[in-house]
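Residue numbers for the sequence shown follow this note's numbering, beginning at 51 and rising by one. Heads up, the beta-carbon is just placed ideally off N, CA and C, and yes, glycines get one too.
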Amino acid sequence: MRLVTSIDEMRRLCKAIRCEAEHQTLALIPTMGALHEGHLSLIRAARKSPDRVAASIFVNPLQFGPNEDLSKYPRTFEEDCAMLEREGVDLLFTPTVEEMYPAGTQTWVDVPEIGGRLDGASRPGHFRGVATVVTKLFHIVQPDRAFFGQKDAAQVAILQAMVRDLNFDLEIVVCPTIRDEDGLALSSRNRYLTAEERKRALVLSRSLRKVERAVAEGQHAASPLYDLLLQELQTADGIRLDYAEIVDPQTLEPLNDVICGALVAVAAWVGTTRLIDNILITPRKASVC
Ligand code: AMP
């Protein structure tokens, strides 16, 4: 695995890969490090095809609000490198903040409507930071495919809109959420949780599973599903609900029913840690959608 910190060198190496062989494609997996099995599932998905694989580790200051956890965000660089090396990653891009945002940088990429929903409503400016850094990574690497996790469903919606609107010549591949055995969605932020908080955090996935079961049993109206979703989340000890929504997976607009598919998404504070989770409901009657 080649470690790269400079944008110029990364561009050169990616270009060389693209020119090497006609049928060889380049995959990109952007991350903020503190890697876990969720991240590795994206790398493994990329490696299933004959892609060469580039990963990035960059804790992007642009997507953190002034009172968020930028300075204490977990950084486990040595372990991350060892994991990526084991997974057969070809290039690891780890630029500094100064390399990505030299003095005078002033251009943003904004997806204003979708970017203001779900986490975008709770974390103003967050998705503008995400869209900007991902645009830069796409320009630097010029991947054929870029892999993202369904765990960050709103991020996926925003990046898909961005790729469509700005005609990026690449495919976004979305991979399923990886969970611990007890259902907790893996997240770099899980390491902030105490043992007690970790137990409490299970209410997120449990509430989502209840909704999933109700849909499977024939409940398609959003309102009773929403009540079910809130039942435990609003009253659970040590949990402060940020949002719970049933929305269109592409536009993130609220839905009245889940017949044509839906994203059921929650965010909650467990102690001082903000966690998110979601499930995708697949369309029931594809013929009417
Ligand atoms: P992050 O390092 O949190 O920015 O995440 C980097 C990528 O890994 C994003 O595309 C995330 O959606 C994805 N990811 C994070 N957690 C999981 C998970 N539990 N399962 C699948 N993908 C994940």
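**Report entry** Residues of its chain near residue 218, where Cβ-Cβ distance is below 6 angstroms and the 5 sequence neighbours each way are ignored
**Finding:** Locating residue 218 in the sequence shown gives position 168, where the first residue counts as 1. So the list reads 188, once near-sequence residues are dropped.
Report task. State buried or exposed for residue 241, treating a residue as buried only when at least 16 other CB atoms are found within 10 Å of its CB. Result -> Looking up residue 241 in the sequence shown gives position 191. Answer is exposed; the Cβ neighbour count stays below 16.
Query raised in the report: Would a C-beta distance cut-off of 8 angstroms place residue 286 and residue 297 closer than the cut-off?
Result: Your numbering for residue 286 matches position 236 in the sequence shown. Your numbering for residue 297 matches position 247 in the sequence shown. No.
Query raised in the report: CB-CB under 7 angstroms to residue 327, same chain, minus the five flanking residues each way: which ones, in chain order?
Result: For this step, residue 327 is matched to residue 277 along the sequence shown. Closer than 7 angstroms at the Cβ level, and outside the excluded window around residue 327, lie 235, 254, 255, 258, 316.
Report task. With ligand 1 as the reference, list in chain order each residue whose Cβ lies under 6 angstroms from any of its heavy atoms. Result -> 81, 82, 88, 89, 91, 92, 198, 199, 201, 202, 225, 227, 228, 235, 236, 237, 238
Query raised in the report: Any chance the stretch 129–137 sits against the stretch 90–105, with 3 or more Cβ pairs inside 8 angstroms?
Result: yes
Query raised in the report: Based on Cα-Cα distance, which residue from 178, 54, 103, 301 lies nearest to residue 110?
Result: The residue labelled residue 110 in the question sits at position 60 within the sequence shown. It is 178 whose Cα lies nearest to the Cα of residue 110.
Report task. Starting from the N-terminal side, write out each stretch of the beta strand (DSSP E) that is 3 residues or longer and does not extend beyond the stretch 271–323. Result -> 289–297, 312–320
Requested in this report: Return the Cβ separation of residue 266 and residue 307 in integer angstroms, given the expectation that the two are a contact with Cβ distance under 8 angstroms.
Outcome: Here residue 266 refers to the residue found at position 216 of the sequence shown. Here residue 307 refers to the residue found at position 257 of the sequence shown. With 8 angstroms as the limit, residue 266 and residue 307 do not qualify as a contact, their Cβ atoms being about 15 angstroms apart.
Query - Supposed close pair residue 202, residue 77 - CB separation, criterion 8 angstroms - result: As a working mapping, residue 202 is identified with position 152 in the sequence shown. As a working mapping, residue 77 is identified with position 27 in the sequence shown. Rounded, the Cβ-Cβ distance is 18 angstroms, inconsistent with contact.
**Report entry** DSSP bridge partner residues for residue 54 (one or two, in chain order)
**Finding:** For the purposes of this step, residue 54 is taken as the residue at position 4 of the sequence shown. In the DSSP output, where bridge partners are listed per residue, residue 54 has 143.
Query raised in the report: Nearest to residue 124 by CA position, among 215, 288, 180, 83, is which residue?
Result: Counting from one through the sequence shown, the residue named residue 124 turns up at place 74. The candidate whose alpha carbon is nearest that of residue 124 is 83.
Requested in this report: My understanding is that residue 166 touches residue 208, with C-beta atoms under 8 angstroms, so please give their C-beta distance in whole angstroms.
Outcome: Looking up residue 166 in the sequence shown gives position 116. Looking up residue 208 in the sequence shown gives position 158. The Cβ separation is near 10 angstroms, so there is no contact.
**Report entry** For residue 114, three-class secondary structure by DSSP
**Finding:** Numbered from 1 along the sequence shown, position 64 holds the residue referred to as residue 114. The three-state reading of DSSP puts residue 114 in coil, since its state is none of H, G, I, E or B.
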